[in-house]
Amino acid sequence: MVDLALLIGGPQGGGIESAGQIGVRALVMKGYDIFGVREYHSNIIGAHSYFNIRIRDTVARSPRLPVDAVVALDAESVFTHMDDVREGGIFVYDTSTLKTRVDRIAPMPGPLKERVKAKLSQHGLGDTVADAVKYLESRGAKLLGIDLKAAIKEVAEKSGRSVVSVARAANVVGLSAALAFLGVEKEYVHRAIEAYFAGKTRVIEPNKIAADIAYDYVEESYGLGNLPDGPHKGKVRMVASGNDVVAMGKVVGGLTVQTYYPITPAADEALYMEGHRLVEVREELAEKVGLEKLGVAVIQTEDEISAINMAIGAALAGARSATTTSGPGFALMNEAISMAYIMEAPVVITIWQRAGPSTGMATRTGQQDLLHAMFAGHGDAVKIVVASGDHEEAFYDAIKALNWAEKFQIPVVHLVDKTLAASTKSLDRFDLDSITIDRGKLSYEWSGGEYLRYKLTEDGISPRVPVGFAKQLNSSLEHTEYGYAIEDPEVRNAMVEKRLKKLDAIERGIPEDERVKVYGSSDADITIISWGTVKGPVLDAMEKLEDEGIKVRYVHIKTFIPFPVRTIDEAFKSASRVAVVDYNMLAQTSLAIRMFTGHKAPHVIQKFTGRALQEQEIVRAVKEILENNVERVVVSDGA
Amino acid sequence: MVDLALLIGGPQGGGIESAGQIGVRALVMKGYDIFGVREYHSNIIGAHSYFNIRIRDTVARSPRLPVDAVVALDAESVFTHMDDVREGGIFVYDTSTLKTRVDRIAPMPGPLKERVKAKLSQHGLGDTVADAVKYLESRGAKLLGIDLKAAIKEVAEKSGRSVVSVARAANVVGLSAALAFLGVEKEYVHRAIEAYFAGKTRVIEPNKIAADIAYDYVEESYGLGNLPDGPHKGKVRMVASGNDVVAMGKVVGGLTVQTYYPITPAADEALYMEGHRLVEVREELAEKVGLEKLGVAVIQTEDEISAINMAIGAALAGARSATTTSGPGFALMNEAISMAYIMEAPVVITIWQRAGPSTGMATRTGQQDLLHAMFAGHGDAVKIVVASGDHEEAFYDAIKALNWAEKFQIPVVHLVDKTLAASTKSLDRFDLDSITIDRGKLSYEWSGGEYLRYKLTEDGISPRVPVGFAKQLNSSLEHTEYGYAIEDPEVRNAMVEKRLKKLDAIERGIPEDERVKVYGSSDADITIISWGTVKGPVLDAMEKLEDEGIKVRYVHIKTFIPFPVRTIDEAFKSASRVAVVDYNMLAQTSLAIRMFTGHKAPHVIQKFTGRALQEQEIVRAVKEILENNVERVVVSDGA
Amino acid sequence: MARSWLEYRSPAWVQWCPGCGNYGILTAAFKAFAELDLDPAKTVVVSGIGCSSRIPYYINVTGVHTIHGRPIPVATGIKLANPHLTVLVMSGDGDLLGIGAAHFVALGRRNADITVVMHDNAVYGLTKGQAGPTLPAWVQTKALRAPNIQDALNPLLLAIASGYTFVARAYAYHVDKLKDIIKEAIKHRGAAFIDVLQPCPTYNNVMTQQWYEQRIYYIDEQEPDYDATIKSPEERSEKVARAIAKAMEWGDRIPLGIIYRDLTKEPFDARIEKIMPGYLEHPPATRPVHYEGKPLVDPFKVFTDRVVQA
Amino acid sequence: MARSWLEYRSPAWVQWCPGCGNYGILTAAFKAFAELDLDPAKTVVVSGIGCSSRIPYYINVTGVHTIHGRPIPVATGIKLANPHLTVLVMSGDGDLLGIGAAHFVALGRRNADITVVMHDNAVYGLTKGQAGPTLPAWVQTKALRAPNIQDALNPLLLAIASGYTFVARAYAYHVDKLKDIIKEAIKHRGAAFIDVLQPCPTYNNVMTQQWYEQRIYYIDEQEPDYDATIKSPEERSEKVARAIAKAMEWGDRIPLGIIYRDLTKEPFDARIEKIMPGYLEHPPATRPVHYEGKPLVDPFKVFTDRVVQA
Ligand SMILES: Cc1ncc(C[n+]2csc(CCOP(=O)(O)OP(=O)(O)O)c2C)c(N)n1
Ligand SMILES: Cc1ncc(C[n+]2csc(CCOP(=O)(O)OP(=O)(O)O)c2C)c(N)n1
Ligand code: SF4
Ligand code: SF4
Ligand SMILES: [Mg+2]
Ligand SMILES: [Mg+2]
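Respectively, the protein sequence lines represent chains A, B, C and D.
Sequential numbering of the first sequence, starting at 47, is according to the numbering used here.
Sequential numbering of the second sequence, starting at 47, is according to the numbering used here.
Sequential numbering of the third sequence, starting at 2, is according to the numbering used here.
Sequential numbering of the fourth sequence, starting at 2, is according to the numbering used here.
Structure below.
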């Protein structure tokens, strides 16, 4: 079984993202399943960043520490990750930084410096990179020093370019050394570089040279690794981030308008879509719909209030419409969500959760927006809330969200997070045949006399004709069936009952198996309940714990509104022990569960640091709970 | 026992508010306890409005239907309230409208017209005011017709003014007739007119003449009523709306900055305060503080986002600071609330709830913003949420809110509603000695070296020195003790733990008896749980039901964060039956209760129409529950 | 002229106060729509919240009564989705220049083909008469507890600064003159703004009908040479300067009429068409999104930058 | 000059990219503060969110790092509570003129005595280079997936239209010139706005240092007669017109310097003092609110309009 983990660290702007992406591609070419996630500061250039790659022959879906190989592109990375490599693992570092002292690294947070110095001095060491290397040796790491300055000079010479212009290729030097060590063929490294920098010859060439320098050096000095080909060899796959797959899902799902105001980690979704604003129709359908290209209007607005209101306007006019944001932006959308609800406007709001409160840690992750999303908007505003656990889910959920919005004529919140946004996954072909696009009661023609936008119906859902296709009134005030403002108590009651019926329609229309997924069986030693990207680490931890004889069941909540009351209730009743993984301070998931089922989980596993949750954290926490009956376990792995 | 109810209806802009206010004052002068509430459309002139006055010799705290006297100033009022007077009650109407047909009343909502016509035709009647009068006679009402046109002409002649300029005095004609019928002395009517129009002689004179015309007419034609003096005779009291008392509470509580963006029903609170922006210091303290007048800066902002952010800025600088709004405005404040939380800025947000979703019915009431308020703001933002049940509570809670904000350095949401805003209550002197103003760890001097705004302390609350009095950093990002942005996992964890400690401090600092009040005993036949202005009708219904041998216990929730877990838990455990009055569609109170205690009330009483809850609705609903075990009772009394 | 203006009257009770300037604006809209023969289904009046914002209930075309301050983004979304509709925003001064000012500015930057009719009564009517953004400092209207301490905005100047390509001022009680300006604004391809001086007899007891009528004059009558239309970029700087000077006239004399019109700037839809060809022919509101429920897009064919051969 | 400008440097790592224009603005602020000898406790720098908005961490005075688009209301609240503080807003173009435009306009209307320094790089730096509100249409900077289809705002014109009484433009790399303008802005009693052209070498590859330096010129050097200061109301209309003409110069030549200064309008605090005498002496931040925990106000003595003798 192949199960490896690789970490590449360096300064923001120093090519950590590209090194990660190239690494992921090379390993996918080698035939493995890959999950990669990037951690970075809210900063453009200089602060520490790293990319964590998981390589498996089964399925890769979470980061893990310690890793099998660390590539430290600068001194800060050496200090920051000196405890992150396993015994016997490789640690690649830059020999030209050996004399650098901890205190001279400007971007490094003070408290971390203090911890590093304390740790080194505990081992009788000083505070230079050389000391850290000694420490690493003492921990049994295999050190692989490369003089990156010299390497870059060589790249410059060989490519006939200036040192400055090729300086960023240091990342590929480090990466390539690690890949050589593992035993990934040079060819894949080259192809990965070509694929990632698609067409940019002036970038590709020096990077290939850089790769070769490191590769050849490792081959000569240490010998190449002997990683066998992975099981996916030969397949056509995709390598995409969570941001990418949500954009893809929306486009495949027939989105025609996306509005956004830039915000981390949502903006990349919109930007990816903007880069694909004209897409080709499937060959077999082009003739049928009479079009070869389809446009997706992606509009940058002046703020999030405009983004949501514009998306609502577009929805009223018949567009399949969405907006994308994060917590702070969503907070600004509350008022309009209430309007979308009473206007019965189908609109999708994607929330890429990041670490709060407030601006908090804008490039870190969390699940802190659950209750805020559920109860967003004043005045009894209802919306559907669906959350995705991984890339596949996110793709299909993006489509579902668009369907539900139009089917139930209601706002739909799609909850995702920064871990998903910034993680890169190898993916197989999506199952297009399983996808249905459902526009509900929409029609572009009206011949039934006066069109009543808010007609009272059996299921609380009115026939929908867009603005522009039948004269009509849309109103944020309580209204008559036509749409006139009215305060008459009986009409009011009828409209409230209409909206309650719609809730029933949603309850009926979204079956239990779309609300929740259960992994493992009820005779497990412990049942874990959670949602979102907690899924990957929990499923991975399940395997590890199973090896140690501990059986885990995982209940993965997919929709919070409507809530999977039945399954959760049964889970509590059948479980010997229940723990909720709550990636937030207030234990919001536990509160939501109790609110809808009355059950309170006796154990909670929490993480606040905003770093992606890791497999070993769950393994440890579960043992802690089973062995010591601890109520609350707080985990905080990851620099 | 005196327990009367009086209703005055007419067109918006036709003096319904002043008639109500004058009536309330006259009845307070007569020695009674009074509760008056106005219902009105979101409209400036023309739509139907009415004022409901409750007159008791014990305590008046809710409206009731049917009333003992209706004063219908126009045809619409006759039709709208023809079922609102009790058998034997008085119905005052304008004989000059006798021929008016339902369909000719433009402002009247269509569906109501249809219902009125159906009702009249059911009784074999046509659709004019004359028909309605017949219907009223058949129902046993005492009809009192006054030709308002003629009366106004007489007022004009007697006061030497034009008919147009005195036309609004029609309201006083109607009111005065009803008061004469009841037996309120003419002197009180005069004094009430003088008090209400304080100093405006040109308004006072014609109104007194109008009062006399009606009064004398009733005296001559029917004889005066013989209402005895009430028990409060001789006392100095106050007559104030909920808007007024919150403004008073804030000013007494030491507020120095209030920001607002106009919105119904919050604006009147700010306007009342603006009219009192310079207040006198209590004589006995003026010398001690060296000031005779104190200013309260009341600032109209460009929107609610500015209102909350400006209030936060003022709080950072050391002002006692608040803002006031309603649901739509609060929805816009979500983002800043999260900032106030992480910045630890003490700010009070008063939410005057009105009927949603969205703009909904802007001048109607409800309790639809509970969960939205509790979970406002992204990223685990916490706030204290306190709700007031009546005028006295609102006054003291406004002060408490300011205290808690500064003591715990956290945003405090004060939940009130339109019923409170638009209801007028007779009040005794507030107990000034019971009031303490607590500014927590605030100090204007700093000599402890570098000032750490976010110093880690035992209780999670840091010493607070305002901006301007010690160099400091305030940040919406995760920060160090000084305030520098940082993403270090350990500092992050320490800051999250700091904020959790603060939650503990709040749990410890707000005792159970400030979180909840229990009326009645646990051996009751039914326990009702609710909050806010549901209190009055429930307490009144308790008395009525007691008379019929039904014992009710009422559990009145005062704070939702922190939640009175213990009391609610005990209430459920000790109760034979529990019903929640949930003045909203989603049964939000029930959800909040379950979220914190796991208990689910088997019965719910709901109202959606946005009209003030009435005593008889609770009486009826409780019987329905006890007799028929009905799960959900929806009430909708009140036009 | 196929339709009578009476066809644009809705059956709803018009709930404005007697004498309110909004009546004039309403009638002018009826007449303008009739003279332009606008299709009621394809004509969309979008409003915010305020007295004036109830106007969609009174005009028998498609209406969208949104929330306070947000009619511009909603209208922009409608126009974006379906550029073939005639879209107007009719809303109050508080709505557009107070809470909605950021959107007001943004619409100018986009030059979207939307006509903004601002009912400018200088007060917040529906919330009972607080100071609006166009109320001059130190004025104390009826409902105020103290004189206004914020300066008035100049809406015309703000519109020009924001990039509107049609800027005019009109007066609510001069229905036919107002109607003509509304027609011109609708016909203009780009963001059009009309500041309609609208007496509010209930709350604005300072800027009354009389007050206005002592001051207003029509540019086209008194200065027939005033040419507000920019036909080529070279004319711009000179004509903008003149327009600004005109926009700044306020006090004893208040000019009415078209202050500024720039024909050289493309509207938003034309700009989108440039970066997304086909947009105008198959706009987001109507372009196919599925075929018999099947998706039209194969991600492995379209997102080829993410495809990797293992 | 009691303090060295080095005293205003904080110990924090300045995390801007190499060559970023923000460094120049930071240094100019140090120098201006030093030359004005500002008390670090009583000087407050308020920012929003963006690259530029991290500046409070780098200046050793009191800092408030707020949320995106809201530094102006927060700063206004601080100044309102304590008019004796020196308050600056230092924030990005996206922050102030995109999401924050309504507040930008409102500050002008109030003429609050706050200095707004706009770090104008025409992009959204911190979110990786999207178009900012001052990026001209059809420009496609590095990070954009298509040319920009929204027009640029003219910040100076918008500031004048909004009522700012001090309006200037400066250039980030000319530290001493910028420092002088910041000093003048701080000394000005009223709302002051400085549009600082700030190259962003990382994302704005069009409006680069070179681009700017080919175009900028100083008004005081090239047009020594240009007098931007209004000293009496009579001068206003003429001088505003001239200022607007200057503000609209953009293209091959970009003027720098003080464009406009109006000394005739009262700042907000003076206005409040008029309707609430005593405000300046006992402002909300410091006026007594209790005496040994006891309330200072007796409602029955103060709210006499609500008292009734039964
Ligand atoms: C978010 C929000 N804030 C405040 C209000 C309350 N409100 C209703 S109308 C109005 C102002 C109306 O003024 P304007 O836009 O000038 O319209 P007018 O009534 O004068 O026609 C306000 C503030 C609201 N509905 N929503
Ligand atoms: C409500 C909200 N929306 C969006 C963001 C994301 N965001 C952070 S910085 C920024 C733009 C920064 O641009 P600018 O103000 O010009 O500052 P610069 O980085 O260019 O200095 C945005 C949109 C946010 N933090 N909050
Ligand atoms: S309040 Fe003023 S603007 Fe509103 S309807 Fe009445 S007159 Fe018109
Ligand atoms: S991205 Fe631009 S504005 Fe931001 S720090 Fe880098 S150079 Fe400066
Ligand atoms: Mg107005
Ligand atoms: Mg910028």
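Backbone N, C-alpha and C fix where the C-beta goes; we use that ideal spot for every residue, glycine too.
Owing to the predicted nature of the structure, the values given are computational and were not obtained by experimental measurement.
For Leu182/A against Phe137/A, the beta-carbon gap comes to about 5 angstroms, under 8 angstroms, which counts as contact. What Ala93/A touches in chain D, judged by beta-carbon distance under 7 angstroms, is Gln16, going in chain order. Contact with chain A is absent for Met249/C, since none of that chain's Cβ atoms lies less than 8 angstroms from the residue's Cβ. For chain D, the residues of the stretch 120 to 152 of chain C that bring a beta carbon within less than 8 angstroms of one of its beta carbons are Pro134, Ala138, Ala147, Pro148, Ile150, Gln151, Asp152, in chain order. Ligand 2 approaches Tyr307/A closely enough that one of its heavy atoms is under 7 angstroms from the residue's Cβ. Look at the stretch 436 to 511 of chain A and you find these whole runs of alpha helix (DSSP H), each 4 residues long or longer: 437 to 454, 464 to 467. Residues of the stretch 175 to 209 of chain C whose Cβ lies closer than 8 angstroms to any Cβ of chain A: none. Taking Asn289/A as reference, the option from Thr503/A, Ala440/A, Glu233/A with the minimal CA-CA separation is Ala440/A. Residue range 94 to 102 is occupied by the beta strand (DSSP E) that includes Phe97/B, with no alpha helix (DSSP H) assigned at that position. Against chain A, the CB of Lys548/B has no partner CB under 8 angstroms away; the residue lies outside that interface. Relative to the non-hydrogen atoms of ligand 4, the Cβ of Asn122/D comes within a distance shorter than 7 angstroms of at least one. Interface residue (Cβ-Cβ distance to chain B less than 8 angstroms): Thr655/A is classified as such. A Cβ-Cβ distance of about 16 angstroms is found for the pair Lys80/D and Asp40/D, leaving them out of contact under the 8 angstroms criterion. Rounded to the nearest angstrom, the gap between the Cα atoms of Asn155/C and Ile276/D is 24 angstroms.
With respect to the 8 angstroms criterion, Gln67/B and Ile91/B are not classified as neighbours on the basis of their beta carbons.
Checking the 7 angstroms criterion, the Cβ of Pro57/C is out of range of every heavy atom belonging to ligand 3.
For Val241/C, the residues of chain D that pass the 8 angstroms Cβ criterion are Met249, in the order they occur in the chain.
Taking C-beta separations shorter than 6 angstroms and ignoring five residues to either side along the sequence, the partners of Gln414/A in its chain run Gly402, Asn630, following chain order.
With its beta carbon at least 8 angstroms from every one in chain A, Ala271/C lies outside the interface. DSSP assignment within the stretch 52 to 108 of chain D yields the following whole beta strand (DSSP E) runs of 3 residues or more, N-terminal first: 63 to 66, 87 to 93. When 9 angstroms is used as the limit between beta carbons, Arg71/A is near these residues of chain C: Val309, in chain order. Contact check for Ile639/A against Val650/A fails: the beta carbons are separated by 8 angstroms or more. The continuous alpha helix (DSSP H) containing Gln210/D extends over residues 210 to 214.
At least 8 angstroms separates the beta-carbon of Ala368/A from that of His424/B. Proximity of the beta carbon of Leu337/B to ligand 4 is not indicated: no heavy atom of the ligand is located closer than 7 angstroms. If you look at His649/A, you'll find it isn't in any alpha helix (DSSP H); it sits in the beta strand (DSSP E) that goes 649 to 653. Chain A has a Cβ within less than 8 angstroms of the Cβ of Ile100/D.
Taking 8 angstroms as the threshold, the shortest C-beta distance from His104/C to chain B does not fall below it.
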